[in-house]
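Chemist: Residue numbers (my numbering): 4 to 323. For each residue, glycine too, the CB sits at the ideal point set by N, CA and C. All of these numbers come straight from a predicted model, not from anything done at the bench.
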Amino acid sequence: MEYTKLQLVRDRNFGDLFDLSIAFIKENFALYTKTILSCLLPFLVVGGFLSLFMISDIIYLISLEDNPENFDINAFEPTKFFIGFGVIAITFFVAYIFIMTVSAKYVQMYVHENNIHQFSVGEILSAAKGEIPWVLGYILFLFVAMMVGVFSIALLFGLIGSVINGAFLVIPGIILFIVFMYALYALMLIIPLKMEQPELGIFEAIRECFRLIKNNWWKCFGMILVFNIVAGIVSYVFYIPMYAIIYSFHLFDAGSIAYYLGAIGIGVLYALAIASTFYVYLVISIVFYSLYDKLSNQSILEQIETIGTNYDEADGLESI
């Protein structure tokens, strides 16, 4: 049976773009899921181990939910808990960087290659690994810049609010929130954009993101919001058994096989719940390619036909 590839590079209205995204996820569900799980495997192992490391403190804190006055510092190991929590936070941050990169590279390969299903999981991951350093740098830069901006504005509002009636800050606050949301959704497109135009510097890429989303913010916002809601609902397939294990942990004898399996299961189920939301990153790239022709007078399809896409031969991929 002849393979027919979905046409991602075409401007569409919200309804058509939604249908395209669903069709893309259905077609690529098996290969993309295998790719993501292969990428996540080290993080699942780390998450399971750290859950085992922290489980006694987690269960103790949960037991205090109804009786916080019973807290006993001698029964809690704060140093171990906060070190473990910090390592988990860093682990999942790095996992997100990997998944965002792999997702954007997956869609890029789908657009440029005749049939992405001819590639193995290892080849897709190899194509993505060279992008991870700059993605990490970009995300850290944008995160720090946005946090500095948010805290600076909050400090400014606090100082002004101490001088005038705080009610006068409501409208400026709403305006700034709208500006922040506009910028946030524009910058979500920066990873697939930079993959298509690697020559761009970070400030050029930011400017192009705002050009890209001009007059299309509501479509982008609607797509990402809808798929985030769907992903959030799906994630409860894993959250429900995870919380069931947590709240029944008092039935397990400390040090028993059930105790350790339960601890590992909590970490793995949590990681899988987070992983179930990663299909949103596919949607972000699909939205990007539906808008991409705005950035150039030459259609991306014409570029593909004339110059193709070259992947690093050292990573085992051939150019088309």
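What are the complete beta strand (DSSP E) segments, minimum 3 residues, inside the region 127-190?
Modeler: The qualifying runs do not exist here; there are none.
Chemist: Helix, strand or coil: how does DSSP classify V105 here?
Modeler: On the sequence shown, position 102 is the one that residue 105 refers to. Note: V105 maps to helix in three-state DSSP.
Chemist: Mapping the DSSP letters down to three states, classify T7 as helix, strand or coil.
Modeler: What you label residue 7 is simply residue 4 of the sequence shown in a count that begins at 1. Of the three classes helix, strand and coil, the one that applies to T7 here is coil, per DSSP.
Chemist: Should the region 94-114 be regarded as contacting the region 35-51, the criterion being three or more beta carbon pairs within less than 8 Å?
Modeler: Result yes; three or more Cβ-Cβ pairs closer than 8 Å.
Chemist: In angstroms with no decimal places, state the Cα-to-Cα distance between V229 and V290.
Modeler: For this step, residue 229 is matched to residue 226 along the sequence shown. For this step, residue 290 is matched to residue 287 along the sequence shown. Distance between the alpha carbons of V229 and V290 is about 13 Å.
Chemist: Taking C-alpha atoms, which residue in M245, P136, A276 and I142 lies nearest to G265?
Modeler: To locate residue 265, count along the sequence shown from 1; it is residue 262. The residue with the shortest Cα to Cα distance from G265 is M245.
Chemist: Report the residue from L162, Y188 and T104 whose alpha carbon sits nearest the alpha carbon of W221.
Modeler: Here residue 221 refers to the residue found at position 218 of the sequence shown. The shortest Cα separation from W221 among L162, Y188 and T104 belongs to Y188.
Chemist: Only counting the same chain, and skipping five residues up and downstream in sequence, which positions put a Cβ closer than 8 Å to that of Y239?
Modeler: For the purposes of this step, residue 239 is taken as the residue at position 236 of the sequence shown. Excluding residues within five positions, the ones whose Cβ falls inside 8 Å are A276.
Chemist: Across the region 90-100 and the region 113-125, are there enough close Cβ pairs to call them in contact, namely three or more that are closer than 8 Å?
Modeler: In short, these stretches do not touch, since the Cβ pair count stays below three.
Chemist: Buried or exposed, going by whether 16 or more other CB atoms sit within 10 Å of the CB of A146?
Modeler: Against the sequence shown, residue 146 aligns to sequence position 143. Note that residue 146 is Phe in the sequence shown, not Ala. Under this definition F146 is an exposed residue.
Chemist: One question on the structure: do L11 and V124 come within less than 8 Å of each other, judged by their Cβ atoms?
Modeler: As a working note, residue 11 is residue 8 in the sequence shown. As a working note, residue 124 is residue 121 in the sequence shown. No; because the gap between Cβ atoms is not below 8 Å, this pair is not in contact.
Chemist: Could you give the distance in angstroms between the alpha-carbon of F85 and the alpha-carbon of T94?
Modeler: For the purposes of this step, residue 85 is taken as residue 82 along the sequence shown, with counting starting at 1. For the purposes of this step, residue 94 is taken as residue 91 along the sequence shown, with counting starting at 1. The straight-line gap from Cα to Cα measures roughly 14 Å.
Chemist: Could you give the C-beta distance for N219 and L294, rounded to a whole number, given that I count them as a contact under 8 Å?
Modeler: Sequence index remark: in the sequence shown, residue 219 carries index 216 (1-based). Sequence index remark: in the sequence shown, residue 294 carries index 291 (1-based). Yes, N219 and L294 are in contact; Cβ-Cβ is about 6 Å, under 8 Å.
Chemist: Mind checking N16: buried by the 16 CB within 10 Å criterion, or exposed?
Modeler: Position 13 of the sequence shown holds residue 16. Per the 10 Å Cβ criterion, exposed.
Chemist: Pull up the distance between the alpha-carbon of K217 and that of A274, whole angstroms please.
Modeler: Mapped onto the sequence shown, residue 217 falls at position 214. Mapped onto the sequence shown, residue 274 falls at position 271. Using only the alpha carbons, I get a separation of about 35 Å.
Chemist: Cβ of V286 within 8 Å of Cβ of I227?
Modeler: For the purposes of this step, residue 286 is taken as the residue at position 283 of the sequence shown. For the purposes of this step, residue 227 is taken as the residue at position 224 of the sequence shown. Contact: yes.
Chemist: Are the beta-carbon atoms of L179 and I163 separated by less than 8 Å?
Modeler: For the purposes of this step, residue 179 is identified with residue 176 of the sequence shown, where counting begins at 1. For the purposes of this step, residue 163 is identified with residue 160 of the sequence shown, where counting begins at 1. In this structure, I163 does not lie closer than 8 Å to L179 by Cβ.
Chemist: Please report the Cβ distance between A208 and I232, rounded to the nearest whole angstrom; I am assuming they are in contact, meaning their Cβ atoms lie under 8 Å.
Modeler: The residue you call residue 208 lines up with position 205 of the sequence shown. The residue you call residue 232 lines up with position 229 of the sequence shown. Not a contact, Cβ separation roughly 28 Å.
Chemist: If you follow the alpha helix (DSSP H) that E116 is part of, which residue opens it and which one closes it?
Modeler: Here residue 116 refers to the residue found at position 113 of the sequence shown. Looking at the DSSP string, E116 is not in any alpha helix (DSSP H), and its letter there is neither H nor E.
Chemist: What is the C-beta distance between E134 and M198, in whole angstroms, given that I count them as a contact (C-beta under 8 Å)?
Modeler: Position 131 of the sequence shown, counted from the start, is the residue given in the question as residue 134. Position 195 of the sequence shown, counted from the start, is the residue given in the question as residue 198. With a Cβ gap of about 6 Å, E134 and M198 count as contacting.
Chemist: Could you compute how far the alpha carbon of N31 sits from the alpha carbon of L159?
Modeler: As a working mapping, residue 31 is identified with position 28 in the sequence shown. As a working mapping, residue 159 is identified with position 156 in the sequence shown. The alpha-carbon atoms of N31 and L159 are separated by roughly 48 Å.
Chemist: Keeping to the same chain, check which residues put their C-beta closer than 8 Å to that of Y284; ignore five residues upstream and five downstream.
Modeler: On the sequence shown, position 281 is the one that residue 284 refers to. Same-chain partners within the cutoff: I102, M103, S106 and A107.
Chemist: Go through its chain and collect everything with a Cβ distance to L215's Cβ below 8 Å, but skip five positions before and after it.
Modeler: Translated into the one-based positions of the sequence shown, residue 215 becomes position 212. If we look at L215 and ignore the five residues flanking it on each side, its Cβ neighbours are A189, L192, L196, F291, L294, Y295, K297 and L298.
Chemist: Exposed or buried, which one is F206 when buried takes at least 16 other CB atoms within 10 Å?
Modeler: Here residue 206 refers to the residue found at position 203 when the sequence shown is read from its first residue. Flag for F206 reads exposed.
Chemist: Note down the Cα distance separating Q301 from V237, rounded to an integer number of angstroms.
Modeler: For the purposes of this step, residue 301 is taken as the residue at position 298 of the sequence shown. For the purposes of this step, residue 237 is taken as the residue at position 234 of the sequence shown. At Q301, the pLDDT of 42 sits below 50, so the modelled position is not reliable; the number obtained from the coordinates is stated separately. Taking the straight line from one Cα to the other gives about 40 Å.
Chemist: Which of helix, strand or coil does DSSP assign to Q301?
Modeler: Indexing the sequence shown from 1 puts residue 301 at position 298. In this predicted model, Q301 has a pLDDT of only 42, less than 50, meaning its place in the structure is not dependable; the value taken from the coordinates is given anyway. If DSSP states are grouped into helix, strand and coil, Q301 belongs with coil.
Chemist: Can you tell me where the alpha helix (DSSP H) with R210 in it begins and where it stops?
Modeler: Here residue 210 corresponds to residue number 207 of the sequence shown, with the count starting at 1. Counting along the chain, the alpha helix (DSSP H) containing R210 begins and ends at I205 to I216.
Chemist: Would you check if the distance between the CB atom of I248 and the CB atom of G268 is smaller than 8 Å?
Modeler: Reading the sequence shown from its first residue, position 245 is the one you call residue 248. Reading the sequence shown from its first residue, position 265 is the one you call residue 268. A contact, by the Cβ cut-off of 8 Å.
Chemist: For S288, which residues in the same chain have their Cβ closer than 6 Å to its Cβ, ignoring the five residues on either side in sequence?
Modeler: Here residue 288 is taken as the residue at index 285 of the sequence shown, counted from 1. A107, V110 and P195, listed in sequence order.
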